[in-house]
Amino acid sequence: MSDQNNPKSVQTKLTDLSELVGWFQGTSFQLETALDKFKEAEALADEIEKDLTKLKNDIKIVKKKFDSDN
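1129 is the number of the first residue of the sequence shown in the working numbering; add one for each residue after it.
Here it is as structure tokens:
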């Protein structure tokens, strides 16, 4: 989904996911391609979840470090 040398930001991934969801609700919807689009959206949602979990953990580490310095 994302290039390892230039990974997408969480915001970009959220925008991409929103566009995929919009495709399902739009006039371009085609049953023949729905499964592929669904799998793409599911993989993107998994990536976003992993990114957010990592960010949450990073914030906890910084907070813990900040609290111990004060």
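We treat Cβ as the ideally placed atom computed from N, Cα and C, and that holds for glycine.
Go through its chain and collect everything with a Cβ distance to residue i's Cβ below 7 Å, but skip five positions before and after it.
i: Ala1173; result: Leu1145
i: Asp1197; result: none
i: Glu1168; result: Leu1148
Return the first residue and the last residue of the alpha helix (DSSP H) that residue i is part of.
i: Ser1156; result: Element bounds for Ser1156: n/a, residue is neither H nor E.
Assuming contact is defined by CB atoms lying nearer than 8 Å, are residue i and residue j in contact in what I supplied?
i: Ile1176; j: Val1138; result: yes
Can you list, in chain order, the residues of its chain whose CB lies under 8 Å from that of residue i, leaving out five sequence neighbours each side?
i: Pro1135; result: none
i: Lys1165; result: Leu1148, Trp1151, Phe1152
Enumerate in chain order the residues of its own chain whose CB-to-CB distance from residue i is below 6 Å, with the five nearest sequence positions on each side excluded.
i: Leu1163; result: none
i: Lys1182; result: none
Are at least three pairs of beta-carbons, each pair with one atom in the segment 1152–1159 and one in the segment 1181–1195, less than 8 Å apart?
-> no
Taking contact to mean at least 3 C-beta pairs separated by less than 8 Å, is the segment 1189–1196 in contact with the segment 1147–1157?
-> no
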